[in-house]
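J.: Per the working numbering, residue 324 is the first one in the sequence shown, and the count goes up by one each step.
Note that the Cβ used here is the ideal one computed from N, Cα and C, for glycine as well.
In this text the structure is predicted, and so the values were computed from the model without any measurement.
Before anything else, here's the structure in question.
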Amino acid sequence: MNAVVMDDSGDRFLQRVHRAADRVLGNSQTGREIGELCRDHAEAREMILTDRASNSVVVAVVGATGQGKSWLVRQMIRGGPVDAIRSGNSLDEATEKLTWIGPKPPADLDARHERFIACDAGKMRSIGSPYLLVDAPGATDDRRAIAGVAERALSTASVLVMVIRRDQLRSQRVSGLAAASEGTVVIPVVNLADVNDDSLDADVEALVARLRSTAPQSQIAPAVIVSDFEIDERGEDEIGIRLAETLGRRIEEAICESGGGDQRRSTRLSALDARFSAAVASVLQTQLPELTSAVDRLNAEATRLPSEVAGTLLGGATPLRAAIRSRLRLSLMAETAAIWFPYRTVLSLLNLTHGAWDRVLLSLSGSLPSLIGAVYAGARNMSDQRAADMDLRTGLRQRTAASVADRLGPMARRFRAELNKLRHGAIETELESSPDSPVASLAGIETLQESSQKSFDTAINQGSATTWFANASGLAGTLLFWLLMTGPLVALYRGYFDASYSTMRDVLQAEGAAGDLNKFPRPDVSMMLTSLLLSVLPMAIFSMLVLSWVQAKTRVDRIENRLREEHDQLIQRLQRDGVLRLAWSDPLLADAEFLLSVGRTVDEER
Numbered sequence: 324m325n326a327v328v329m330d331d332s333g334d335r336f337l338q339r340v341h342r343a344a345d346r347v348l349g350n351s352q353t354g355r356e357i358g359e360l361c362r363d364h365a366e367a368r369e370m371i372l373t374d375r376a377s378n379s380v381v382v383a384v385v386g387a388t389g390q391g392k393s394w395l396v397r398q399m400i401r402g403g404p405v406d407a408i409r410s411g412n413s414l415d416e417a418t419e420k421l422t423w424i425g426p427k428p429p430a431d432l433d434a435r436h437e438r439f440i441a442c443d444a445g446k447m448r449s450i451g452s453p454y455l456l457v458d459a460p461g462a463t464d465d466r467r468a469i470a471g472v473a474e475r476a477l478s479t480a481s482v483l484v485m486v487i488r489r490d491q492l493r494s495q496r497v498s499g500l501a502a503a504s505e506g507t508v509v510i511p512v513v514n515l516a517d518v519n520d521d522s523l524d525a526d527v528e529a530l531v532a533r534l535r536s537t538a539p540q541s542q543i544a545p546a547v548i549v550s551d552f553e554i555d556e557r558g559e560d561e562i563g564i565r566l567a568e569t570l571g572r573r574i575e576e577a578i579c580e581s582g583g584g585d586q587r588r589s590t591r592l593s594a595l596d597a598r599f600s601a602a603v604a605s606v607l608q609t610q611l612p613e614l615t616s617a618v619d620r621l622n623a624e625a626t627r628l629p630s631e632v633a634g635t636l637l638g639g640a641t642p643l644r645a646a647i648r649s650r651l652r653l654s655l656m657a658e659t660a661a662i663w664f665p666y667r668t669v670l671s672l673l674n675l676t677h678g679a680w681d682r683v684l685l686s687l688s689g690s691l692p693s694l695i696g697a698v699y700a701g702a703r704n705m706s707d708q709r710a711a712d713m714d715l716r717t718g719l720r721q722r723t724a725a726s727v728a729d730r731l732g733p734m735a736r737r738f739r740a741e742l743n744k745l746r747h748g749a750i751e752t753e754l755e756s757s758p759d760s761p762v763a764s765l766a767g768i769e770t771l772q773e774s775s776q777k778s779f780d781t782a783i784n785q786g787s788a789t790t791w792f793a794n795a796s797g798l799a800g801t802l803l804f805w806l807l808m809t810g811p812l813v814a815l816y817r818g819y820f821d822a823s824y825s826t827m828r829d830v831l832q833a834e835g836a837a838g839d840l841n842k843f844p845r846p847d848v849s850m851m852l853t854s855l856l857l858s859v860l861p862m863a864i865f866s867m868l869v870l871s872w873v874q875a876k877t878r879v880d881r882i883e884n885r886l887r888e889e890h891d892q893l894i895q896r897l898q899r900d901g902v903l904r905l906a907w908s909d910p911l912l913a914d915a916e917f918l919l920s921v922g923r924t925v926d927e928e929r
């Protein structure tokens, strides 16, 4: 047996469903039904993954009993062992086994349900590649064993030739076959048709549309029309020859369009897994309506909760805008070169004492209380910044734990009660938990915080003042200070240089003479301090204007709107990728929630 190696995610999903059903439902009737579905699904997956035909295409002829399947098979092997192909409407004439026809038998032939008829490849109608033809029993046979054999053909074949009598085009049995064959190449063959029937084309188009609607993942080829040879003058032989030619060409075209064998298997496995999920959901919803209703409410709340809690990471409008303004001021300082002294120093002071600039100006005029108030405001701002950083790191996790306990705790307790009722007290200790124990935790908080911080930094960098503006402002502020401070400094240094020149001249002219220190200027400290304050004050006002422009309302509004949009998109992406999600603390509760959510929730845990 040559097995095809493919992605085993579907197999892991199947095993988890089986394990969860065994743990949660035990040996109850519902548990046994889910176990049977898992076994049937595992067998169907193995049939698809197993290459029984040695890389040959498997073409299965399927349909309800009495549609003319075996007659069609005989047309495809003219010159071959046609007498070995049984057909008919009565039980003793109908096909009861899966009949394989081709040059080589399939691997692992099951003699109880299958048989093989050897036929030289040269006597089989060509479809452009080696193939095995399969004649399946009636898929709607009342006998359960025969119907089960027919279903094996649906899992084994790459191409399904679906034979339908003209008078059965509107039968619901056709829709059932189409749903079971989803993911394969389907070629409808309308048998015993009257080509002069005016309603034939409309009914055939309606059939193809119904098949495509029922099996959207299948490749539905255009229908092949087979005339009723009892009313057609061409006769059975000519109609059979034309049918074989047309069908062979149609199969070859469909195989070319469907891609390689691995692609066809992948599509069929995907469709098979979807049908399995729907079947499990149907059983649970039918037999456990109260429990499924409880998990629906739990899932709805669990889906909303991560996004609502994560949305609080940015906080309200006031703290977020304050954080944006703070980062804009820091960005301006970082872009301002250290050479612009003392402008950059004043800028740092104003950034540290934001919210108390009036006291800074008064302190520059000599007010001691204002100076103390400015120092206190700076210390308070530093403390508030540290508290905000700590809340950013730990506050979200605390809010998450509180929200999970408040909103999911009561619902989880009701869910446990329903689960206890289902199990009639079995393994009671596994379902009980302390009221104070956490129901679940929000996974992905660290990733959210890291990504949100990156988004915040990017928004600030793109919305802050440019390096050119920062240094141009630094040049202007520095020039403003030194233009005002130049007068006192020039007068002071001129007197100093004059005294130095006079002293050196006296020393050189009179040997042994000492310099007169009284000639050197002695500036008054209050005069120098007054000059410094008078020069700093205009520069401080200029710095305030620059800072006010940098953190203007329009700029802050633009950054805030962008941040909130990007944050919402980030939360949606993390939830879609399964990074930001609720992780259940109780393993049995997690298994029950997963099992009852199969096929019905948006985020299937595969």
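Quick check: the region 666-679 against the region 792-802, are there 3 or more CB pairs under 8 Å?
T.: A contact exists between the region 666-679 and the region 792-802.
J.: Give me the Cβ distance between A383 and T479, rounded to the nearest whole Å; I'm assuming they're in contact under 8 Å.
T.: Residue 383 sits at position 60 when you count from the first residue of the sequence shown. Residue 479 sits at position 156 when you count from the first residue of the sequence shown. 7 Å between Cβ atoms; contact.
J.: Below 8 Å on the Cβ atoms is my guess for G333 versus R368; work out the distance and round it to an integer in Å.
T.: Translated into the one-based positions of the sequence shown, residue 333 becomes position 10. Translated into the one-based positions of the sequence shown, residue 368 becomes position 45. With 8 Å as the limit, G333 and R368 qualify as a contact, their Cβ atoms being about 7 Å apart.
J.: In angstroms with no decimal places, state the Cα-to-Cα distance between E416 and P545.
T.: Residue 416 sits at position 93 when you count from the first residue of the sequence shown. Residue 545 sits at position 222 when you count from the first residue of the sequence shown. Summary for E416: the model assigns pLDDT 45, below 50, so the residue's position carries little reliability, and this model does not support an answer.
J.: Which same chain residues, not among the five before or five after M808, have their C-beta less than 8 Å away from its C-beta?
T.: Residue numbering aside, residue 808 sits at position 485 when the sequence shown is read from its first letter. Excluding residues within five positions, the ones whose Cβ falls inside 8 Å are S854, L855 and S858.
J.: So, for V873: in the same chain, excluding its five sequence neighbours on each side, which residues have a beta-carbon less than 6 Å away from its beta-carbon?
T.: What you label residue 873 is simply residue 550 of the sequence shown in a count that begins at 1. Within the same chain, V873 has close Cβ partners L651, L655 and A788.
J.: Mark T752 as exposed unless 16 or more other C-beta atoms lie within 10 angstroms of its C-beta, in which case mark it buried.
T.: For the purposes of this step, residue 752 is taken as the residue at position 429 of the sequence shown. In this predicted model, T752 has a pLDDT of only 40, less than 50, meaning its place in the structure is not dependable; the value taken from the coordinates is given anyway. T752 should be labelled exposed.
J.: Under 8 Å, with one C-beta from each stretch per pair, do the region 447-460 and the region 383-397 reach the 3-pair mark?
T.: Judged by Cβ distances under 8 Å, the region 447-460 makes contact with the region 383-397, as three or more pairs qualify.
J.: For L534, which option in D520, V512, D517 and V340 has the closest C-alpha, if you only look at C-alpha atoms?
T.: As a position in the sequence shown, residue 534 is number 211, starting the count at 1. With distances taken between Cα atoms, L534 lies closest to V512.
J.: In three-state DSSP terms, what is P733?
T.: The residue labelled residue 733 in the question sits at position 410 within the sequence shown. DSSP places P733 in helix when its eight states are reduced to three.
J.: Using a Cβ-Cβ cut-off of 7 Å (strictly less than) and excluding sequence neighbours within five positions of E755, which residues of its own chain qualify?
T.: The count along the sequence shown starts at 1 and reaches residue 755 at position 432. With a pLDDT of 45 at E755, under the threshold of 50, the modelled position of that residue is not reliable, and the figure given next carries that caveat. Cβ within range, chain order: n/a, list empty.
J.: Assess contact between the region 432-451 and the region 352-360, defined as three or more Cβ pairs (one per stretch) separated by less than 8 Å. Is contact present?
T.: Touching, no.
J.: Give the secondary structure of E658 by DSSP, where H, G and I count as helix, E and B as strand, and everything else as coil.
T.: Working through the sequence shown from its first residue, we reach residue 658 at position 335. E658 falls in the helix class under three-state DSSP.
J.: Going by C-alpha to C-alpha distance, which of E624, S377 and Q895 sits closest to G767?
T.: What you label residue 767 is simply residue 444 of the sequence shown in a count that begins at 1. The shortest C-alpha separation from G767 is found at Q895.
J.: Could you tell me which whole beta strand (DSSP E) segments of length 3 or greater appear in the region 427-467?
T.: Complete beta strand (DSSP E) runs here, min 3: 437-441 and 454-458.
J.: Rounded to whole angstroms, how far is the Cβ of L765 from the Cβ of L905, which I believe are closer than 8 Å?
T.: Along the sequence shown, one-based indexing puts residue 765 at 442. Along the sequence shown, one-based indexing puts residue 905 at 582. Indeed they touch by this definition, with Cβ atoms about 6 Å apart.
J.: L919 and L607 look like a contact to me (Cβ under 8 Å); what is the Cβ gap, rounded to whole Å?
T.: As a working mapping, residue 919 is identified with position 596 in the sequence shown. As a working mapping, residue 607 is identified with position 284 in the sequence shown. So it is a contact: roughly 6 Å between Cβ atoms.
J.: Tell me, please, whether the region 880-892 touches the region 774-790 by the rule of three or more beta-carbon pairs shorter than 8 Å.
T.: Yes: the two stretches touch, three or more of their Cβ pairs being nearer than 8 Å.
J.: Decide if the region 558-565 is in contact with the region 524-532; the criterion is three or more beta carbon pairs, one per stretch, under 8 Å apart.
T.: At 8 Å Cβ cutoff, the stretches do not touch.
J.: For a quick check, are the C-beta atoms of P811 and P846 less than 9 Å apart?
T.: Here residue 811 is taken as the residue at index 488 of the sequence shown, counted from 1. Here residue 846 is taken as the residue at index 523 of the sequence shown, counted from 1. Yes, the Cβ-Cβ distance between P811 and P846 is below 9 Å.
J.: Check D374 in the structure and name its three-state DSSP category.
T.: Working through the sequence shown from its first residue, we reach residue 374 at position 51. It is a strand residue.
J.: Using the three-state DSSP reduction, which class does A417 fall into: helix, strand or coil?
T.: The residue you call residue 417 lines up with position 94 of the sequence shown. Because A417 sits at a pLDDT of 49, beneath the cut-off of 50, its placement in the model cannot be relied upon, and the point is left open.
J.: Just reading off the beta strand (DSSP E) that I564 is part of, what are its end residues?
T.: Working through the sequence shown from its first residue, we reach residue 564 at position 241. Where I564 is concerned, there is no enclosing beta strand (DSSP E), although the alpha helix (DSSP H) it sits in stretches over G558 to S581.
J.: Would you call K876 buried or exposed, if buried means 16 or more other Cβ atoms sit within 10 Å of its Cβ?
T.: What you label residue 876 is simply residue 553 of the sequence shown in a count that begins at 1. Looking at its Cβ environment, which holds fewer than 16 other Cβ atoms inside 10 Å, K876 is exposed.
J.: For the putative contact between I578 and V482, defined by C-beta atoms under 8 Å, what is the C-beta separation to the nearest angstrom?
T.: Residue 578 sits at position 255 when you count from the first residue of the sequence shown. Residue 482 sits at position 159 when you count from the first residue of the sequence shown. With 8 Å as the limit, I578 and V482 qualify as a contact, their Cβ atoms being about 7 Å apart.
J.: From the DSSP secondary-structure annotation, give me the bridge partner or partners of V509.
T.: Along the sequence shown, read from residue 1 onward, the residue named residue 509 stands at position 186. Bridge partners of V509: L483 and I543.
J.: Can you tell me the Cβ-Cβ gap for S908 and A763, rounded? I've got them flagged as a contact below 8 Å.
T.: Along the sequence shown, one-based indexing puts residue 908 at 585. Along the sequence shown, one-based indexing puts residue 763 at 440. Indeed they touch by this definition, with Cβ atoms about 6 Å apart.
J.: Kindly list the residues whose CB is nearer than 7 Å to the CB of L815, restricted to its own chain and excluding five residues on each side of it in sequence; keep chain order.
T.: Reading the sequence shown from its first residue, position 492 is the one you call residue 815. Hits under 7 Å: P844 and P846.
J.: At the level of alpha carbons, what is the spacing between P642 and L806?
T.: The residue given as residue 642 occupies position 319 in the sequence shown. The residue given as residue 806 occupies position 483 in the sequence shown. Near 40 Å, if we compare the C-alpha coordinates of L806 and P642.
J.: Quick check on DSSP: helix, strand or coil for G425?
T.: The residue given as residue 425 occupies position 102 in the sequence shown. G425: strand per DSSP, three-state reduction.
J.: Over what stretch of residues does the beta strand (DSSP E) that includes A532 continue unbroken?
T.: Within the sequence shown, the letter at position 209 stands for residue 532. It is not in any beta strand (DSSP E) - A532 instead sits in the alpha helix (DSSP H) that spans L523 to T537.
J.: What do you get for L802, buried or exposed, if any count of 16 or more other CB atoms within 10 angstroms of its CB means buried?
T.: As a working note, residue 802 is residue 479 in the sequence shown. Per the 10 Å Cβ criterion, exposed.
J.: Output needed for G748: all residues of its chain with C-beta closer than 8 Å, excluding positions within five of it in sequence on either side, in chain order.
T.: Start at 1 with the first residue of the sequence shown, and residue 748 comes out as number 425. Note on G748: pLDDT 47, under 50, position unreliable in the model; no value is reported.
J.: Are the CB atoms of I440 and W423 nearer to each other than 9 Å?
T.: Counted from its first residue, the sequence shown places residue 440 at position 117. Counted from its first residue, the sequence shown places residue 423 at position 100. For I440 and W423, yes; Cβs fall inside 9 Å.
J.: Do R730 and E624 come within 9 Å of each other at the CB atom, strictly closer than that value?
T.: Here residue 624 corresponds to residue number 301 of the sequence shown, with the count starting at 1. Here residue 730 corresponds to residue number 407 of the sequence shown, with the count starting at 1. Going by C-beta atoms, E624 is nearer than 9 Å to R730.
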